[in-house]
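First the structure, in the form of structure tokens, and then the observations on it.
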Amino acid sequence: MPPRARSHSTPSLDEVARGKLEALERRQLRRRLIETGRPGATAAVRDGAELVSFSCNDYLGLSHHPDVVAASVEAARRYGVGAGSSRLVNGNHPLYAELERKLAALKGAEDAVVFGSGYLTNVGVIAALVGRSDLILMDELCHSSLLTGAALSGARVLEFRHNDVAHAEALLAAERAAHRHCLVLTDGVFSMEGDLAPLPPLAALAAEHDAWLMTDDAHGLGVVGGGRGSSFAFDPPVAVPLQMGTLSKAVGSYGGYLCASSSVAELVRNRARSFVYSTGLPPATVAAASRALDLISSDSELVRRPLARARELTAALGLRPASSAIVSLPMGDAARALRASAALCEAGFLVVAIRPPTVPPGTSRLRVTFSAAHTSEQVAALAAAVRPLLTS
Numbered sequence: 006m007p008p009r010a011r012s013h014s015t016p017s018l019d020e021v022a023r024g025k026l027e028a029l030e031r032r033q034l035r036r037r038l039i040e041t042g043r044p045g046a047t048a049a050v051r052d053g054a055e056l057v058s059f060s061c062n063d064y065l066g067l068s069h070h071p072d073v074v075a076a077s078v079e080a081a082r083r084y085g086v087g088a089g090s091s092r093l094v095n096g097n098h099p100l101y102a103e104l105e106r107k108l109a110a111l112k113g114a115e116d117a118v119v120f121g122s123g124y125l126t127n128v129g130v131i132a133a134l135v136g137r138s139d140l141i142l143m144d145e146l147c148h149s150s151l152l153t154g155a156a157l158s159g160a161r162v163l164e165f166r167h168n169d170v171a172h173a174e175a176l177l178a179a180e181r182a183a184h185r186h187c188l189v190l191t192d193g194v195f196s197m198e199g200d201l202a203p204l205p206p207l208a209a210l211a212a213e214h215d216a217w218l219m220t221d222d223a224h225g226l227g228v229v230g231g232g233r234g235s236s237f238a239f240d241p242p243v244a245v246p247l248q249m250g251t252l253s254k255a256v257g258s259y260g261g262y263l264c265a266s267s268s269v270a271e272l273v274r275n276r277a278r279s280f281v282y283s284t285g286l287p288p289a290t291v292a293a294a295s296r297a298l299d300l301i302s303s304d305s306e307l308v309r310r311p312l313a314r315a316r317e318l319t320a321a322l323g324l325r326p327a328s329s330a331i332v333s334l335p336m337g338d339a340a341r342a343l344r345a346s347a348a349l350c351e352a353g354f355l356v357v358a359i360r361p362p363t364v365p366p367g368t369s370r371l372r373v374t375f376s377a378a379h380t381s382e383q384v385a386a387l388a389a390a391v392r393p394l395l396t397s
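Residue numbers (the working numbering): 6 to 397.
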């Protein structure tokens, strides 16, 4: 049977794509890939110019640490460059057990499960734990991967105002009884704001309503709580039954993980589709992460520096002291954020403008991130370059 002729009134796929791109362009929301070299922990090379980068999540500079690089190279030589299959087939190479043991110990959990990425972790874990008869309550500024995982689970999803425990309590009081299980989701350190979730009252609220608390600690591990993450940033530490994070930020490698009880971890290995149906991480990646965790666990001065550098900037600009290695500088509209980013590039700094849909409309910003490898002199120079942009 011949294919049906396309109606002249129906745009082609390419026409639809071009129209959507033009709409993004008009709103100054179109993004483009820019080739960027990283010859060092704080260096970025664009168009032949070397910039001091304040837009990288390699918070401890471990992606360039000689011990981490050496561990990665040795693993590739010994085990090859690929896992070969999913972990449940024959991709569970010997390096995984050591990495998961170290993660569980660092996070104070019984067990850990390593995934292909942080996004895959959230998408897989949430749908493995809750479904159509259940309720998900989440902070309105949770990371996109938590939103995606919640949507795919089929559970009813409600958002509470950012870090507003009273609003979360009101929603639970009204809705919890009508649902079988309840999962409360929050970032530990919010990736665009840089603030911490109020974990002590959130954990108490979850316990009161027979709900499970899950934190996305992608930006907490290695930076806050003595390097152990957001739940350890409080005194006493907060017991969080589901601690998720990534291996691509402070750890300097790649992958994601869930730290939980042994029974939950085993359920996730069997039910999380993004775990079951994904090829395992390359041995070199796992070895690098494992060696990086050794450094995070043993070098308190290394772990201290990113937050210290962030607080040097907030002090210089007269802002509230930073809570993490992320400092958010509000610009309002996207055009202003882009102009500010371009001005900093001219001054020798890479500070990327963050625009919708990553952040809500009208809240475009400069997102400044700090590394243990940054010097106080670099931070002072950045502050001098940023200061006039905050009032222009």
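Cβ coordinates follow ideal geometry from the N, Cα and C atoms, glycine included.
Just so you know, these numbers come straight off a predicted model, no measurement behind them.
*Below 7 Å CB to CB, which residues in the same chain sit around Leu343 once its five sequence neighbours on both sides are set aside?*
Gln33 and Ala358
*Taking the alpha-carbon positions, what's the Leu111 to Leu152 distance?*
27 Å
_With a threshold of 6 Å on Cβ separation, who are the neighbours of Arg341 within its own chain once the five nearest residues in sequence on each side are excluded?_
none
*Is it buried or exposed for Tyr64, if we count other Cβ within 10 angstroms and need 16 for buried?*
buried
_Quick check on this structure: which residue in Gly260, Arg392 and Leu312 has the alpha carbon closest to the alpha carbon of Leu322?_
Arg392
_Taking the straight line between their C-alpha atoms, what separation do you get for Pro365 and Gly85?_
43 Å
*Please state whether DSSP places Thr126 in a helix, a strand or coil.*
helix
_Segments assigned beta strand (DSSP E), at least 3 residues, entirely inside the stretch 215-277_ = 217-221, 247-251 and 261-265
*Pick helix, strand or coil for Asp299, following the three-state DSSP scheme.*
helix
*Is the stretch 175-182 in contact with the stretch 219-235, if contact means three or more CB pairs nearer than 8 Å?*
no
_I need the DSSP call for Asp72, collapsed to helix, strand or coil._
helix
_For Val170 and Pro311, the rounded distance between their alpha carbons_ = 28 Å
*Would you check if the distance between the CB atom of Val128 and the CB atom of Gly154 is smaller than 7 Å?*
yes
*List the endpoints of the continuous alpha helix (DSSP H) containing Ser14.*
Note, Ser14: premise wrong, no alpha helix (DSSP H); not H, not E.
_Cβ-Cβ distance between Gly231 and Ile331 below 7 Å_ = no
*Would the beta-carbon of Gly260 fall within 7 Å of that of Leu300?*
no
*asked:* Between which two residues does the alpha helix (DSSP H) holding Cys147 run?
replied: Careful: Cys147 lies outside any alpha helix (DSSP H) and carries neither H nor E.
*Reducing DSSP to helix, strand and coil, say where Ile359 ends up.*
strand
*What residues in its chain sit with their C-beta under 7 Å from that of Ala352, if we drop five residues either side in the sequence?*
Ala390
*From the DSSP output, in three-state form, read off Ile331 for me.*
strand
*Tell whether a beta-carbon distance below 7 Å holds between Val130 and Leu263.*
yes
*Tell me whether the beta-carbon of Ser329 lies closer than 7 Å to the beta-carbon of Val243.*
no
_Suppose the cutoff is 7 Å on Cβ atoms and the five residues either side in sequence are ignored; what does the same chain contact list for Gly45 look like?_
His69
*asked:* I need the boundaries of the beta strand (DSSP E) containing Thr191, first residue and last residue.
replied: Cys187 to Asp192
*Classification of Ala117 by the beta-carbon crowding that lies within 10 angstroms, buried from 16 upward*: buried
*Range of the contiguous alpha helix (DSSP H) that encloses Ala117*: Note, Ala117: premise wrong, no alpha helix (DSSP H); beta strand (DSSP E) at Asp116 to Phe120.
*Determine, using beta carbons only, whether Val194 and Ser235 come nearer to each other than 7 Å.*
yes
*With DSSP collapsed to three states, give me the class of Val57.*
strand
_Measuring straight from C-alpha to C-alpha, what distance separates Gly66 and Ala313?_
15 Å
*When we look at the beta-carbon of Pro335 and count the other beta-carbons within 10 Å, is it buried (16 or more) or exposed?*
exposed
*asked:* Am I right that Ser158 and Ala132 are in contact with their C-beta atoms under 8 Å? What's the rounded C-beta distance?
replied: 4 Å
*Report buried or exposed for Gly279, applying the criterion of at least 16 other Cβ atoms within 10 angstroms of its Cβ.*
The question names Gly, but residue 279 in the sequence shown is Ser. Under this definition Ser279 is a buried residue.
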